[in-house]
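Participant: In the order they appear, the protein sequences are chains A and B.
According to numbering that gives the first Met the number 0, the stretch in the first sequence is residues 0 to 213, in order.
According to numbering that gives the first Met the number 0, the stretch in the second sequence is residues 0 to 213, in order.
Ideal placement from N, C-alpha and C gives every residue a C-beta, glycine not left out.
2 protein chains.
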Amino acid sequence: MSRDSYDEQLDRLTGVLAVMSRDASAAIRRASTALLEVDRGAAETVLAEDAVLDARRAEVEAMIPEVLVRHQPVASDLRLVVCALRIAGALERMGDLAVHVAKVALRRHPVGVVPEPAMPVMTALAEAAARVADKSAVVLATRDRLDAMQLGLDDDEVDAAQERLLSLLVSGWPYGVESAIDLALLGRYYERYADHAVNVSRQVVYLVTGTIRL
Amino acid sequence: MSRDSYDEQLDRLTGVLAVMSRDASAAIRRASTALLEVDRGAAETVLAEDAVLDARRAEVEAMIPEVLVRHQPVASDLRLVVCALRIAGALERMGDLAVHVAKVALRRHPVGVVPEPAMPVMTALAEAAARVADKSAVVLATRDRLDAMQLGLDDDEVDAAQERLLSLLVSGWPYGVESAIDLALLGRYYERYADHAVNVSRQVVYLVTGTIRL
Chain A
0 MSRDSYDEQL DRLTGVLAVM SRDASAAIRR ASTALLEVDR GAAETVLAED
50 AVLDARRAEV EAMIPEVLVR HQPVASDLRL VVCALRIAGA LERMGDLAVH
100 VAKVALRRHP VGVVPEPAMP VMTALAEAAA RVADKSAVVL ATRDRLDAMQ
150 LGLDDDEVDA AQERLLSLLV SGWPYGVESA IDLALLGRYY ERYADHAVNV
200 SRQVVYLVTG TIRL
Chain B
0 MSRDSYDEQL DRLTGVLAVM SRDASAAIRR ASTALLEVDR GAAETVLAED
50 AVLDARRAEV EAMIPEVLVR HQPVASDLRL VVCALRIAGA LERMGDLAVH
100 VAKVALRRHP VGVVPEPAMP VMTALAEAAA RVADKSAVVL ATRDRLDAMQ
150 LGLDDDEVDA AQERLLSLLV SGWPYGVESA IDLALLGRYY ERYADHAVNV
200 SRQVVYLVTG TIRL
């Protein structure tokens, strides 16, 4: 087995991860459209397409044995295995969280779930989360450590927006407890989504440098 | 390299997973004590001990290359790798969720965060989640498929308790929005915790049977 064909296998593996990464970004953007523009079609697309991310994760997991069996792996190859599995897991989970957002968006359709006063902060949260996902897709492609570090700052914006959302909800929210709970859970979904995106880039850096800290 | 020493390595690997599993169960029980009995010491123990689960996950990940490099792995061995990494990841995450519960428990200390009317359902939720975790530890030890199936039923109890909690919160909750958000997020943490425990047992069944459905 030539090194070339090993590299081909790795290219295929990272290729699937790159596609998953784009799908996970598309999912949160669509889910946010569903949520903020009360768009049922967008929500239903998120729900329908999630199976693709699930299948791709399974595909990655199925590729690993092939890579390992056909080659005498060295330590850095094995690091790739651990990283690829973690990345695939994180990207699948990001899809699940986009599904959660889409489901909340449909909950009172055709009435929206985000009252006007929460629109700015929810929009900021959605945009910050999508930005983190997009950048983690870039990191996956470039394996650039500085890109990965930048991503931590974007994640701080997600956390800050989530904090602002919670502050808004606990300062005399006039839309009732059910609405507050929906929005708090949405905040949590976006936060977790972004955390997973950060984790993807952490794994990439680990893969490249052998150390996990950004 | 004899087969025996390979088995020894696998025993060590599954041994670490078993210890992680017990730690993850202990963590949610302590976090629930912190929450329901307003016990600061219990909460602080959960926070302090979480690093042990993190370290053990890293230990599992570090063992994998060793197992693979020293042996010519066959397909079933490689399945073990994927499963072990998923299980370690799920158990670490269960510890994180116990930390989230413990942090909420401390939020208004020495005042508790669970008002009296929510005590029964929160207690049910905490107990059901701990039960799922305990049973998933058993599945990890016995690799028994029937035990694993039973676990799905216990998880249904977690989901049902979470639903009851949300119903309570949206039917004229008199303790304010902040309290409702705290409890809704707690419900989410317990639900996720139990989901991860179910995932652990799914991985075990997959490992034994080669199919993922319970």
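Look up V66(A) in the DSSP assignment and say whether it is helix, strand or coil.
Facilitator: Numbered from its first residue, the first sequence carries residue 66(A) at position 67. If DSSP states are grouped into helix, strand and coil, V66(A) belongs with the helices.
Participant: CB Y192(A) to CB L96(A), shorter than 7 Å?
Facilitator: For the purposes of this step, residue 192(A) is taken as residue 193 along the first sequence, with counting starting at 1. For the purposes of this step, residue 96(A) is taken as residue 97 along the first sequence, with counting starting at 1. A contact, by the Cβ cut-off of 7 Å.
Participant: How many angstroms separate the CA atom of E126(B) from the CA atom of A140(B)?
Facilitator: Looking up residue 126(B) in the second sequence gives position 127. Looking up residue 140(B) in the second sequence gives position 141. One C-alpha to the other measures close to 21 Å.
Participant: Of all the alpha helix (DSSP H) runs that stay within the bounds of the region 36-119 of chain A, which reach a length of 4 or more residues?
Facilitator: Listed in chain order, the complete alpha helix (DSSP H) runs (minimum 4 residues) inside the region 36-119 of chain A are 39-68, 74-105.
Participant: I'd like to know if the region 174-181 of chain A and the region 161-174 of chain B are in contact, where contact means that at least 3 CB-CB pairs between them fall below 8 Å.
Facilitator: Yes: at least three Cβ pairs fall under 8 Å.
Participant: S30(A) and V81(A): beta carbons closer than 7 Å?
Facilitator: Working through the first sequence from its first residue, we reach residue 30(A) at position 31. Working through the first sequence from its first residue, we reach residue 81(A) at position 82. Note that residue 30(A) is Ala in the sequence shown here, rather than Ser. Result no, Cβ atoms of A30(A) and V81(A) do not sit closer than 7 Å.
Participant: Determine contact between the region 185-204 of chain B and the region 120-136 of chain B, defined as no fewer than three beta-carbon pairs at a distance below 8 Å.
Facilitator: Contact between the region 185-204 of chain B and the region 120-136 of chain B is present, because at least three Cβ pairs lie under 8 Å.
Participant: With a threshold of 7 Å between beta-carbons, can I180(A) be considered close to chain B, or not?
Facilitator: For the purposes of this step, residue 180(A) is taken as the residue at position 181 of the first sequence. Yes, because at least one Cβ of chain B sits closer than 7 Å to the Cβ of I180(A).
Participant: Tell me the rounded alpha-carbon separation between A54(B) and A61(B).
Facilitator: Taking the first residue of the second sequence as 1, we reach residue 54(B) at position 55. Taking the first residue of the second sequence as 1, we reach residue 61(B) at position 62. Spanning the two alpha carbons is a distance of roughly 10 Å.
Participant: In whole angstroms, give me the CA-to-CA distance for I27(A) and R69(B).
Facilitator: Mapped onto the first sequence, residue 27(A) falls at position 28. Mapped onto the second sequence, residue 69(B) falls at position 70. Distance between the alpha carbons of I27(A) and R69(B) is about 42 Å.
Participant: Under 8 Å Cβ to Cβ from R56(A), same chain only, skipping five residues before and after it: list those, please.
Facilitator: If you number the first sequence from 1, residue 56(A) lands on position 57. Excluding residues within five positions, the ones whose Cβ falls inside 8 Å are M19, A87, G88, L90, E91.
Participant: Is any beta-carbon of chain B found at less than 7 Å from that of V169(A)?
Facilitator: Residue 169(A) sits at position 170 when you count from the first residue of the first sequence. For V169(A), the answer is yes, since a Cβ of chain B falls inside 7 Å of its Cβ.
Participant: Among L150(A), V110(A), I63(A), T208(A), which one has its Cα closest to the Cα of R11(A)?
Facilitator: Within the first sequence, numbered from 1, the residue matching residue 11(A) stands at position 12. It is I63(A).
Participant: Within the 7 Å Cβ cut-off, does P64(B) reach chain A?
Facilitator: Locating residue 64(B) in the second sequence gives position 65, counting from the first residue. P64(B) counts as touching chain A.
Participant: Could you tell me if A216(A) is buried or exposed, where buried requires 16 or more neighbouring beta carbons within 10 angstroms of its beta carbon?
Facilitator: Beyond the ends of chain A as shown, which are 0 and 213, falls residue 216(A); an answer cannot be given.
Participant: Would L16(A) pass as an interface residue toward chain B - the criterion being a Cβ-Cβ separation below 7 Å?
Facilitator: For this step, residue 16(A) is matched to residue 17 along the first sequence. Answer no: the Cβ-Cβ gap between L16(A) and chain B never drops below 7 Å.
Participant: How is the alpha helix (DSSP H) around G151(A) delimited, first residue to last?
Facilitator: Walking along the first sequence from the start, residue 151(A) turns up at place 152. From DSSP, the alpha helix (DSSP H) with G151(A) extends over 144-168.
Participant: Kindly list the residues whose CB is nearer than 6 Å to the CB of A147(A), restricted to its own chain and excluding five residues on each side of it in sequence; keep chain order.
Facilitator: As a working note, residue 147(A) is residue 148 in the first sequence. Excluding residues within five positions, the ones whose Cβ falls inside 6 Å are V138, S200, V204, L213.
Participant: Could you check the C-alpha separation between A33(A) and D143(A) for me, to the nearest Å?
Facilitator: Numbered from its first residue, the first sequence carries residue 33(A) at position 34. Numbered from its first residue, the first sequence carries residue 143(A) at position 144. One C-alpha to the other measures close to 33 Å.
Participant: Report all residues from its chain with a CB closer than 6 Å to the CB of R107(A); omit the five preceding and five following residues, and keep chain order.
Facilitator: Indexing the first sequence from 1 puts residue 107(A) at position 108. Closer than 6 Å at Cβ, skipping near neighbours: no residue.
Participant: When you compare only the Cα positions, how much space is there between D22(B) and Q8(A)?
Facilitator: Counted from its first residue, the second sequence places residue 22(B) at position 23. Counted from its first residue, the first sequence places residue 8(A) at position 9. Their Cα atoms are separated by approximately 38 Å.
Participant: Under 7 Å between C-beta atoms, does V199(B) make it to chain A?
Facilitator: Counted from its first residue, the second sequence places residue 199(B) at position 200. Cβ-Cβ to chain A under 7 Å: no for V199(B).
Participant: L52(B) and G94(B) - do their beta-carbons sit closer together than 7 Å?
Facilitator: Looking up residue 94(B) in the second sequence gives position 95. Looking up residue 52(B) in the second sequence gives position 53. Yes; because the gap between Cβ atoms is below 7 Å, this pair is in contact.
Participant: When you compare only the Cα positions, how much space is there between M0(B) and D6(B)?
Facilitator: Taking the first residue of the second sequence as position 1, residue 0(B) is located at position 1. Taking the first residue of the second sequence as position 1, residue 6(B) is located at position 7. Confidence in M0(B) is poor, its pLDDT being 45 and thus under 50, which makes the residue's placement unreliable; the coordinate value appears in the next sentence. Cα-Cα distance, rounded: 11 Å.
Participant: Under a three-way DSSP split, which group does Y174(B) fall into?
Facilitator: The residue you call residue 174(B) lines up with position 175 of the second sequence. DSSP places Y174(B) in coil when its eight states are reduced to three.
Participant: Give the interface partners of E60(B) over in chain A, defined as CB-CB distance under 7 Å, in chain order.
Facilitator: Translated into the one-based positions of the second sequence, residue 60(B) becomes position 61. The answer, in chain order, is V81.
Participant: Relative to the C-alpha of A129(A), which residue among V110(A), G111(A), P109(A), D154(A) is closest?
Facilitator: In the first sequence, the residue the question calls residue 129(A) occupies position 130. The residue with the shortest Cα to Cα distance from A129(A) is D154(A).
Participant: With 7 Å set as the bound, which would you pick, yes or no: does the beta-carbon of V176(A) sit closer than that to a beta-carbon of chain B?
Facilitator: Against the first sequence, residue 176(A) aligns to sequence position 177. Output row for V176(A): interface = yes.
Participant: Please identify, using Cβ separations under 8 Å, the residues of the region 36-47 of chain A that lie next to chain B, in order along the chain.
Facilitator: Those residues of the region 36-47 of chain A that come within reach of chain B (Cβ to Cβ, closer than 8 Å) do not exist; the list is empty.
Participant: Which residues in the same chain as A42(B) place their Cβ atom closer than 6 Å to its Cβ, once the five residues preceding and following it in sequence are excluded?
Facilitator: In the second sequence, the residue the question calls residue 42(B) occupies position 43. The answer, listed in chain order, is A33, A101, A104, L105.
Participant: A132(B) and A196(B) - do their beta-carbons sit closer together than 7 Å?
Facilitator: Taking the first residue of the second sequence as 1, we reach residue 196(B) at position 197. Taking the first residue of the second sequence as 1, we reach residue 132(B) at position 133. Closer than 7 Å, so yes.
Participant: Can you list the residues of chain B that S88(A) reaches, using a CB-CB cut of under 8 Å?
Facilitator: For the purposes of this step, residue 88(A) is taken as residue 89 along the first sequence, with counting starting at 1. The amino acid at residue 88(A) is misidentified as Ser; the sequence shows Gly. Near G88(A) (Cβ distances below 8 Å), the residues of chain B are R85, G88.
Participant: Taking CB distances under 7 Å as the criterion, tell me whether R212(B) reaches chain A.
Facilitator: The residue given as residue 212(B) occupies position 213 in the second sequence. With a pLDDT of only 43 at R212(B), under the threshold of 50, the placement of this residue in the model should not be trusted; the figure read from the coordinates follows. Cβ-Cβ to chain A under 7 Å: no for R212(B).
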